[in-house]
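> Encoded as structure tokens, here's the structure I'll be asking about.
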Amino acid sequence: RSTGLIPEAGRRKYGEMAGQSPEQSDRFLGEFELRLLNMFGLKRRPTPSKLAVIPQYMLDLYHWHAGNADQSLGGNSAAKRSDFAASRANTIRSFHHEESMEVLSSLEGKTTQRFLFNITSIPGEELVTSAELRIFRDGATSDSAAAAANSSAGLHRINIYEIFRPAPSRNEEPMARLLDTRLVREGQSEWESFDVSPALARWTADGGANHGLAVEVEHLGGGAEGEGQGRRHVRVSRSLHGDEDTWPQARPLLVTFGHDGKGHALRRREKR
Amino acid sequence: QARAKPRKKQRANCRRHPLYVDFSDVGWNEWIVAPPGYQAFYCHGECPFPLADHLNSTNHAIVQNLVNSVNTNIPRACCVPTQLSPICLLYLDEYEKVILKNYQDMVVEGCGCR
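Chains as they are written, first to last, in this note's numbering: chain A, 823 to 1094; chain B, 1240 to 1353.
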């Protein structure tokens, strides 16, 4: 094991063969290690914890672009949608929001959640060409899904805003612009993808302040019961009970598509 | 019957050889999620004089080998990758963010004398 990217055995072998002083060989190996880190765009060797979560979407994208996906994944609309975005990018990054920064309000049949994503790890030379916010709709939590399918009770409108200025007080609205919107019906478990490219472009290339995104879920019809149902259906926050296993894979995900100017874009690899 | 003269051992000409890079061998499997390794290949072999067409050589390599045939102080052309292709890596960076990135020139597609 090594604390760096060069395995300990390799370090030892170089030290024995190079015939240099330990300081000299350390310096040469240090320079080589910098090249390796630079190649991967890293500042130091990653040491992820056992609890690190790999979003299933990123694994699906990997298999899709590596050409390992079977036909069923080949027909996956999410993969197809991302294929266009990825066709101009060579780097796809995923971000979970900072949960401690969440602000939740639930007023007048609307649930609004603010999400802050720390995107400072995107290097300055990387041009973010597009970005999507992915939100999970959990069909399994909807008890009245069948009934909702034939009425307006199971309808929700999801609005995604970029926050320009947070609300100065609890009674005031933040200054925000609408980025994307969609009308959804309860009944099935599905990921919804929203285009948040303008916000990411402002935060990265234009150097604008990142005050986060707001996700507003309007519960159309159904009163207080519909509101509660909708809040569980559109997974914008962690539930209070029994959610530790599912939340890591169901929580909102920000995915950025960028190009660092080196090499070609990600393209689906066809099997020979 | 005269014993067969031991043939001078012929060194293989420049060509591509298999090389599987297992990320666990270099201790990178902790942070590279997928793939677990990949077939990188390597180039090895002789670039003999005169260079054959299939050795994918350049004009410079042909002339260098010609000079080597009359002056051994000048080395022969080298067997190197002439065509490379990218691979996709899914990994965790130092901030535990998951990244999918296309890395250029990771797999040898073809070798030649250069």
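Cβ coordinates follow ideal geometry from the N, Cα and C atoms, glycine included.
1) Assuming the contact rule is C-beta atoms closer than 8 Å, glutamate 954/A and serine 1015/A should be a hit. Round their C-beta distance to whole Å, please.
2) Can you tell me which of the three DSSP states threonine 951/A falls into?
3) Which residues, taken in chain order from the region 1331–1347 of chain B, show a beta carbon closer than 9 Å to some beta carbon of chain A?
4) Answer with yes or no whether the minimum CB distance from leucine 1329/B to chain A is below 8 Å.
5) Once DSSP output is grouped into helix, strand and coil, what is the label at glutamine 1322/B?
6) Is the Cβ-Cβ distance between asparagine 1268/B and proline 1275/B less than 8 Å?
7) Could you tell me the alpha carbon to alpha carbon distance between glycine 896/A and tryptophan 886/A, rounded to whole angstroms?
8) Quick check: the Cα distance between glycine 1080/A and glycine 931/A, rounded to an integer number of angstroms?
9) Hey, how far is the Cα of arginine 849/A from the Cα of leucine 864/A?
10) Would you mind sorting glutamate 830/A into buried or exposed? The rule is 16 or more other CB atoms within 10 Å of its CB.
11) Could you give the C-beta distance for alanine 874/A and glutamate 1335/B, rounded to a whole number, given that I count them as a contact under 8 Å?
12) Measure from the alpha carbon of tryptophan 1025/A to the alpha carbon of each residue in Ala888/A, Ile941/A, Ile982/A, Gly826/A, then state which is nearest.
13) Taking all protein chains shown into account, do 16 or more other C-beta atoms lie within 10 angstroms of the C-beta of histidine 1299/B, making it buried, or fewer, making it exposed?
14) Just curious, the beta strand (DSSP E) that lysine 1340/B is in, first and last residue?
15) Cβ closer than 7 Å: which chain A residues qualify as neighbours of valine 1272/B?
16) The alpha helix (DSSP H) with alanine 840/A in it runs from where to where?
17) So, for glutamine 1322/B: in the same chain, excluding its five sequence neighbours on each side, which residues have a beta-carbon less than 7 Å away from its beta-carbon?
18) So aspartate 1261/B is in the alpha helix (DSSP H); what residue range does that whole segment cover?
19) Tell me, please, whether the CB atom of proline 1257/B is closer than 8 Å to any CB atom in chain A?
20) Considering only C-alpha positions, which residue in the set Leu1329/B, Lys1340/B, Cys1317/B is nearest to valine 1272/B?
21) Any Cβ of chain B within less than 8 Å of the Cβ of threonine 869/A?
22) Could you list the residues in the region 845–872 of chain A with a C-beta less than 8 Å from some C-beta on chain B, going in chain order?
23) Out of Trp1270/B, Lys1244/B, Asn1295/B, Phe1262/B, which one is the CA nearest neighbour of lysine 872/A?
24) From the DSSP output, which residues share a beta bridge with valine 1265/B?
25) What does glutamate 1040/A pair with, by DSSP beta-bridge criteria?
26) May I ask you to report which of helix, strand or coil DSSP gives histidine 815/A?
27) The alpha helix (DSSP H) spanning aspartate 1017/A covers which residue range?
28) Are three or more beta carbon pairs between the region 1338–1345 of chain B and the region 1280–1297 of chain B nearer than 8 Å?
29) Could you tell me whether the Cβ of leucine 895/A comes closer than 8 Å to any Cβ of chain B?
30) To which residues does DSSP link cysteine 1282/B through a beta bridge?
31) What residues of chain A sit near proline 1275/B, judged by a beta carbon separation below 8 Å?
32) Chain A beta carbons: is any one of them nearer than 8 Å to that of proline 1320/B?
33) When you compare only the Cα positions, how much space is there between glycine 1030/A and arginine 866/A?
Considering the structure as presented:
1) 5 Å
2) Looking at threonine 951/A - three-state DSSP - the assignment turns out to be strand.
3) Leu1331, Asp1332, Glu1333, Tyr1334, Glu1335, Lys1336, Val1337, Ile1338, Leu1339, Lys1340, Asn1341, Tyr1342, Gln1343, Asp1344
4) It does: the Cβ of leucine 1329/B has a partner Cβ on chain A nearer than 8 Å.
5) Strand.
6) yes
7) Annotation note: pLDDT 47 at glycine 896/A (below 50); position unreliable, no value reported.
8) 37 Å
9) 19 Å
10) exposed
11) 5 Å
12) Ile941/A
13) exposed
14) 1337–1352
15) Ile876
16) 830–840
17) Taken in chain order, the residues that qualify are Glu1348, Gly1349.
18) Counting along the chain, aspartate 1261/B falls outside any alpha helix (DSSP H), though it belongs to the beta strand (DSSP E) covering 1259–1261.
19) Residue-level contact check: proline 1257/B does not touch chain A, since none of the beta carbons of chain A fall below 8 Å from its beta carbon.
20) Leu1329/B
21) yes
22) Under the 8 Å Cβ criterion, the region 845–872 of chain A contributes Met861, Phe862, Gly863, Leu864, Lys865, Arg866, Arg867, Pro868, Thr869, Pro870, Ser871.
23) Trp1270/B
24) Looking at the DSSP assignment, valine 1265/B forms no beta bridge with any residue, so it has no partner.
25) Lys932/A, Arg979/A
26) It is not possible to answer for residue 815/A, since the shown part of chain A is limited to 823 through 1094.
27) Looking at the DSSP string, aspartate 1017/A is not in any alpha helix (DSSP H); the run it does join, the beta strand (DSSP E), is 1012–1017.
28) no
29) In this predicted model, leucine 895/A has a pLDDT of only 46, less than 50, meaning its place in the structure is not dependable enough to derive any value.
30) Paired residues: Arg1255/B.
31) Under the 8 Å cutoff, chain A gives no residues; its nearest Cβ is about 12 Å from proline 1275/B.
32) It does not: the Cβ of proline 1320/B has no partner Cβ on chain A nearer than 8 Å.
33) 27 Å
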